[in-house]
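S.K.: To start, I am sharing the structure in question, which I have written as structure tokens.
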Amino acid sequence: MIDDDGYFGEAVAATYDESSAAMFAPEAVEPAVEVLAGLAGPPGEGRALELGVGTGRIALPLAGRGVEVHGIELSRAMADRLRTKPGGEAVGVTIGDFATARAPGTFSVAYLVFNTIMNLTTQDAQVDCFRNVADHLEPGGTFVVEVMVPQLRKLPPGQNAVPFHVGEHRLGFDTYDVATQAMASHHVHVTEDGQGSFRSIPFRYVWPAELDLMARLAGMRLRDRWEDWGRRPFTGDSEQHVSVWEKVGG
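In our numbering, the protein residues as written are 3 to 252.
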């Protein structure tokens with residue numbers, strides 16, 4: 003159920019870190035922080051803006067590298083979790099929709115990770131997000147997005163669902179509407195005593211070339227695209243990408 007915190011209210015925030023434990027592992031976090039710290043610039047000079055800062059998975063270790071980090075976050079429940087963590091007081095948070103909310107000051111790098119660009123469920127909102135980021139960036143600043151490549155190649159005719167996790171106590175699958183680019187992630191959890199829960203979150207999938215056009219409309223140009231934070235080449239078989247756009251001019 004959606005509330006003032008969107009789809010990431012207290013019930014989700016309370017278990018978010020545990021349910022996404024693999025994304026909090028050092029091998030998932032450290033390569034991303036390394037790239038973002040390099041784009042932010044020397045410690046004490048650059049500033050970083052995280053859209054959808056959540057509970058601080060990336061913001062906190064990035065701040066630990068000496069980068070001033072500010073976040074935009076719709077969910078107060080998620081932001082509250084961030085503030086209670088060690089170092090959380092050093093990360094400023096603006097509560098609001100990251101497609102339109104304004105954070106104080108300008109930044110050398112802004113970033114959206116872990117498919118969060120798809121939380122904006124219309125093309126207009128995604129375009130607004132790029133424009134909002136461009137307004138926050140200094141000239142020459144960069145915008146980094148980590149997002150999946152839509153898995154439509156896995157859909158045989160007549161099927162609209164792709165599983166992403168099948169386990170003894172958890173089932174996860176995505177459903178696609180190829181006519182509208184709407185999709186949803188569905189999560190089924192069953193405890194050992196047989197109790198179950200179901201959660202569904204809507205998204206809008208977006209293609210790499212579509213993101214490049216959104217960046218161009220906002221006055222940015224593609225600088226790099228990799229398969230992952232380790233900078234492996236992006237290919238036709240890549241299932242995700244990390245893309246870096248640079249703000250042009252002043």
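For each residue, glycine too, the CB sits at the ideal point set by N, CA and C.
Note that the coordinates shown come from a computational prediction; the quantities given were computed from them, not determined experimentally.
Identify every residue that forms a DSSP beta bridge with phenylalanine 10.
M.R.: Note: phenylalanine 10 sits in no beta bridge, so no partner.
S.K.: Is DSSP giving phenylalanine 205 helix, strand or coil here?
M.R.: Looking at phenylalanine 205 - three-state DSSP - the assignment turns out to be strand.
S.K.: Could you spell out where the alpha helix (DSSP H) holding serine 21 opens and where it closes?
M.R.: Here the alpha helix (DSSP H) through serine 21 covers 18–21.
S.K.: Between the Cα of phenylalanine 200 and those of His171, Gly143 and Tyr178, spot the shortest distance and give me the residue it belongs to.
M.R.: That would be His171, whose Cα lies nearest to the Cα of phenylalanine 200.
S.K.: Roughly how many angstroms separate the alpha carbons of glycine 251 and alanine 136, rounded to a whole number?
M.R.: Spanning the two alpha carbons is a distance of roughly 11 angstroms.
S.K.: Does the beta-carbon of arginine 85 have 16 or more other beta-carbons within 10 angstroms, so that it is buried, or is it exposed?
M.R.: It counts as exposed.
S.K.: Closest by CA to glycine 89, which one among Gly107, Gly66, Gly98 and Phe109?
M.R.: The option with the nearest alpha carbon to glycine 89 is Gly66.
S.K.: Any idea if arginine 234 is buried or exposed, counting beta-carbon neighbours within 10 angstroms, 16 or more meaning buried?
M.R.: With fewer than 16 other Cβ atoms within 10 Å, it is exposed.
S.K.: Consult DSSP for glutamate 36 and reduce its assignment to one of helix, strand or coil.
M.R.: DSSP places glutamate 36 in helix when its eight states are reduced to three.
S.K.: Do the region 157–164 and the region 43–50 meet, that is, are 3 or more Cβ pairs less than 8 angstroms apart?
M.R.: No: the two stretches stay apart, fewer than three of their Cβ pairs being nearer than 8 angstroms.
S.K.: Rounded to a whole number of angstroms, what is the C-alpha to C-alpha distance between aspartate 82 and valine 111?
M.R.: For aspartate 82 and valine 111, the distance between alpha carbons rounds to 24 angstroms.
S.K.: State yes or no: is the C-beta of glycine 56 within less than 8 angstroms of the C-beta of lysine 87?
M.R.: Cβ atoms of glycine 56 and lysine 87: not closer than 8 angstroms.
S.K.: Taking the alpha carbon of aspartate 239 as the point to measure from, which residue in Leu154, Ala217, Ala163 and Ala103 has its own alpha carbon closest?
M.R.: Cα-wise, what sits closest to aspartate 239 is Leu154.
S.K.: Using a 10 Å radius around the Cβ and a threshold of 16 neighbouring Cβ atoms, would you call threonine 118 buried or exposed?
M.R.: That one is buried.
S.K.: For glutamate 198, which residues in the same chain have their Cβ closer than 6 angstroms to its Cβ, ignoring the five residues on either side in sequence?
M.R.: Looking at the sequence itself, residue 198 is glycine, so the reference to glutamate does not match. So the qualifying residues of the chain are Val192.
S.K.: Residues in the same chain with beta-carbon distance under 6 angstroms from alanine 186, minus the five sequence neighbours each way, listed in chain order, please.
M.R.: Answer for alanine 186: Thr177, Ser202 and Pro204, listed in chain order.
S.K.: Which runs of the alpha helix (DSSP H) spanning at least 4 residues fall entirely within the region 100–144, listed in chain order?
M.R.: Counting whole runs of 4 or more residues, the region 100–144 contains the alpha helix (DSSP H) stretches 125–138.
S.K.: Might you give, ordered along the chain, the residues of its own chain that have their beta carbon closer than 6 angstroms to the beta carbon of asparagine 121, omitting 5 neighbours on each side?
M.R.: Around asparagine 121: no qualifying Cβ.
S.K.: If I'm right that alanine 101 touches alanine 61 with Cβ under 8 angstroms, what's the distance once you round it to whole angstroms?
M.R.: That belief does not hold up - the Cβ atoms of alanine 101 and alanine 61 are roughly 19 angstroms apart, past 8 angstroms.
S.K.: Nearest CA to the CA of valine 69: which residue from Gly54, Ile97, Pro33 and Phe109?
M.R.: Looking at the Cα atoms, Phe109 is the closest of the given residues.
S.K.: Closer than 6 angstroms by C-beta to methionine 3: which residues in its own chain qualify, once you throw out the five before and the five after it? Chain order, please.
M.R.: Since pLDDT at methionine 3 reaches only 43, below the 50 mark, its modelled position is unreliable, and the value read off the structure follows with that caveat. Correct list: empty, nothing qualifies.
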